[in-house]
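Novice:
Protein chains in written order, with this note's numbering: chain A, 1 to 333; chain B, 1001 to 1340.
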């Protein structure tokens, strides 16, 4: 899927580039959120954008997450393509009525006679020492709401292509940006391109087992896979990239080939998206190819703690993936 | 239980109302006809519900017809509204086709929302009715976005955003009025103040006498009007429209009124007295407007009763026709959730 390019930029720059390029070509696209203007966004994503597009289209707001979500929803209903930035994914709890009861439902509830083309950019995940209220991964909540799409890119290339696709999509798209990925560098073509939302990507091919991982778990799974090579274990890593809609086919094909699957995510295990992935595999033709039961490696069922050691221990790290993958590869042999 | 005497800022002066001269006769007739259609429509819907033909529940605005009609009457055809679960009045006032609307109540494929929304979620997007939300206050933040799009498109259109008294206790109300005021959005916020959030009288859930007092904290004008006086509502909303249209920003118009029926179909009216309900029935906005028209010499008694009868006939026909429409099919529902 990756086009040839020599230029490397960070995940954060890739997000910004997608925003800037779409705003240059479509005047209906605008960015709205807390401190996105002069400040440049809490993580610096929109740095420099105020200067290019002005305060109307790079719109600073009061600290009012419900009204920000409503502003995006209403503008989308009117045919604009707002991109709302929530400072931390955790704060979507305050926007939820607008997103879940309005944005997601208006099209269906009004008989298919309108559409809500908007993007909700949400910095997610732990690992920054920000503790319980600034570190969550709430994708499972939104995946369970018909009417919203959920995207979670793991590389700079995917971040740009998926954000452009999300902005051009005619539905509300929750776009998760993992805070630890912001500084990751990778090849990104300068020209605008979009990656279809329902397209998983095989990030690494392997024979012995499949790891299905998204967001921060992809680089961790790839690192784990490298370590396991030395032990003669050949790991395939599949990144669904969008959780909803989900490219089931690519996952099923991989699991059918390897016969073993480990599902990894950062969000707490109970009710997490891993359960959905596991059920999907179990209900698919891949079930007949499974040599051993499906395994999940997820965040522990705790709020994200502050202490560095506790925080690391709350979500899967590279060594946890290595251990779980090794055990899975050896199981039944 | 005490009977509350509500306070209003604006009441029509005694004697002949100046709007009887300023508004065209056709407009006055249109206002009366819409008020009567709302009344008959809701009575018909209630009857169909009792007969088991309408599913679910409904929130009737009988007794509140002056608020929706008096406000929508100020609009230009291209202007917009967004409203709430007790929204039949706004929908009819904005020009809904009674048959398509009744079809929605009956859950039919030809209804406004193809039977997916029902009484609580009627929208007519091409007609400028951007829909009703069933979550109290939930339409107010969306109104900010609609107003923002109008402003960014340099449109001359304005939006009326309706909600009830209970909604003004929601955080979304605060966030939205503050944001709309800060950005001077072309929105008029209208409180359909029937004094009760389900069972709770406003005096038990807010420590102010008038909801319009809340406007002060957003730096916008706020006025409480007699919401049973369609001409008083018209005057107050027209002033707010002009402010919105000229780029000066939003206003809050609090229309004090009363719902004769319970909150929804399960309400046994345990929180108010029969006497209170009867007193408000004597303040019927439709009877009152008819008297204003006749006593002011704008129309004869026969003319107003003729309009009333025409509204009843229109509703009866709408219900008859809507009952013949097809039910939707449950197949392929998933295909309608996302836009292509």
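Heads up, the beta-carbon is just placed ideally off N, CA and C, and yes, glycines get one too. Quantities reported herein were computed from a predicted structural model and do not represent experimental measurements.
Mark residue 63 (chain A) as exposed unless 16 or more other C-beta atoms lie within 10 angstroms of its C-beta, in which case mark it buried.
Specialist: Classification for residue 63 (chain A): exposed.
Novice: Expressed to the nearest angstrom, what Euclidean distance is found between the alpha-carbon atoms of residue 296 (chain A) and residue 235 (chain A)?
Specialist: 16 Å
Novice: From residue 1323 (chain B) to residue 1106 (chain B), what does the alpha carbon distance come to, in whole angstroms?
Specialist: Going by C-alpha positions, residue 1323 (chain B) is about 7 Å away from residue 1106 (chain B).
Novice: Taking the Cβ atom as the reference point for each residue, do residue 182 (chain A) and residue 161 (chain A) lie within a distance shorter than 9 Å?
Specialist: For residue 182 (chain A) and residue 161 (chain A), no; Cβs fall outside 9 Å.
Novice: Report back the beta-carbon spacing between residue 1237 (chain B) and residue 1074 (chain B) to the nearest angstrom; my notes put them in contact at under 8 Å.
Specialist: 5 Å
Novice: When the Cα atoms are used, what is the spatial distance from residue 1300 (chain B) to residue 1291 (chain B)?
Specialist: 10 Å
Novice: Using the beta-carbon of each residue, which ones in chain A are nearer than 8 Å to residue 1244 (chain B)?
Specialist: Going along chain A, no residue has its Cβ under 8 Å from residue 1244 (chain B), so there is no contact; the nearest lies around 15 Å.
Novice: Looking at chain A, is there any beta carbon in it that lies within less than 9 Å of the beta carbon of residue 1114 (chain B)?
Specialist: yes
Novice: Which residues in the same chain have their Cβ closer than 8 Å to the Cβ of residue 332 (chain A), if we skip the five residues on either side of it in sequence?
Specialist: 291, 292
Novice: Spell out whether any CB of chain A is found under 9 Å from the CB atom of residue 1221 (chain B).
Specialist: no
Novice: Can you confirm whether residue 98 (chain A), when its beta carbon is compared against all beta carbons of chain B, has any partner nearer than 9 Å?
Specialist: yes
Novice: Short of 8 Å in beta carbon distance, which residues of its chain neighbour residue 1002 (chain B), apart from the five on each side in sequence? Order them along the chain.
Specialist: Confidence is the limiting factor: at residue 1002 (chain B) the pLDDT is only 42, short of 50, which leaves the residue's position unreliable and the question unanswerable from this model.
Novice: Can you have a look at residue 270 (chain A) and say buried or exposed, based on whether 16 or more other CB atoms are within 10 angstroms of its CB?
Specialist: Here residue 270 (chain A) is exposed: its Cβ has fewer than 16 other Cβ atoms, across all protein chains shown, within 10 Å.
Novice: Is the Cβ of residue 43 (chain A) closer than 9 Å to any Cβ of chain B?
Specialist: no
Novice: Run through DSSP, which three-state label would residue 49 (chain A) get?
Specialist: helix
Novice: Give the DSSP-derived three-state secondary structure of residue 84 (chain A) in the structure shown.
Specialist: strand
Novice: In terms of residues, what are the limits of the beta strand (DSSP E) holding residue 1226 (chain B)?
Specialist: 1222–1226 is the span of the beta strand (DSSP E), which, as asked, contains residue 1226 (chain B).
Novice: Pick from A:78, A:328, A:306: whose alpha carbon is nearest that of residue 1154 (chain B)?
Specialist: A:78
Novice: Just to make sure I have the definition right: I need the residues of chain B whose C-beta is within less than 7 Å of the C-beta of residue 56 (chain A). Which are they?
Specialist: 1152
Novice: Determine, using beta carbons only, whether residue 61 (chain A) comes closer than 9 Å to chain B.
Specialist: yes
Novice: If you draw a straight line from the alpha carbon of residue 1210 (chain B) to that of residue 123 (chain A), how long is it in whole angstroms?
Specialist: Their Cα atoms are separated by approximately 42 Å.
Novice: Look at the Cβ atom of residue 110 (chain A), then the Cβ atom of residue 1131 (chain B), and state whether they are nearer than 9 Å.
Specialist: Contact: yes.
Novice: Is there at least one Cβ from chain B nearer than 9 Å to residue 144 (chain A)'s Cβ?
Specialist: no
Novice: Tell me which same chain residues have a C-beta within less than 7 Å of the C-beta of residue 228 (chain A), skipping the five on either side of it?
Specialist: 235, 322, 325, 326
Novice: May I ask you to verify whether the segment 92–102 of chain A touches the segment 1106–1118 of chain B, counting CB pairs closer than 8 Å and requiring at least 3?
Specialist: no
Novice: Cβ closer than 9 Å: which chain A residues qualify as neighbours of residue 1049 (chain B)?
Specialist: Per Cβ cutoff of 9 Å: no residues; residue 1049 (chain B) is ~20 Å from chain A at best.
Novice: Looking at the C-beta of residue 1250 (chain B), does it have a partner C-beta in chain A at a distance below 9 Å?
Specialist: With respect to chain A, the C-beta atom of residue 1250 (chain B) has no partner C-beta closer than 9 Å.
Novice: Quick one: what does DSSP say residue 1133 (chain B) is sitting in, helix, strand or coil?
Specialist: strand
Novice: Note down the Cα distance separating residue 28 (chain A) from residue 1113 (chain B), rounded to an integer number of angstroms.
Specialist: 27 Å
Novice: Measure from the alpha carbon of residue 19 (chain A) to the alpha carbon of each residue in A:39, A:170, A:85, then state which is nearest.
Specialist: A:85
Novice: For residue 1184 (chain B), which residues in the same chain have their Cβ closer than 7 Å to its Cβ, ignoring the five residues on either side in sequence?
Specialist: 1247, 1248, 1249
Novice: Please decide whether residue 1059 (chain B) counts as near chain A, where near means a Cβ-Cβ distance under 9 Å.
Specialist: no
Novice: Could you say which of A:31, A:211, A:142, A:68 lies nearest to residue 239 (chain A) if we only look at CA atoms?
Specialist: A:211
Novice: Measuring CB to CB, does residue 306 (chain A) end up less than 9 Å from residue 42 (chain A)?
Specialist: No.
Novice: So residue 1181 (chain B) packs on residue 1140 (chain B), CB below 8 Å; how close in whole Å?
Specialist: At roughly 13 Å, the Cβ-Cβ gap does not stay under 8 Å, so residue 1181 (chain B) and residue 1140 (chain B) are not in contact.
Novice: May I have a chain-ordered list of the alpha helix (DSSP H) segments no shorter than 4 residues that lie completely inside the segment 1193–1262 of chain B?
Specialist: 1202–1205, 1230–1245
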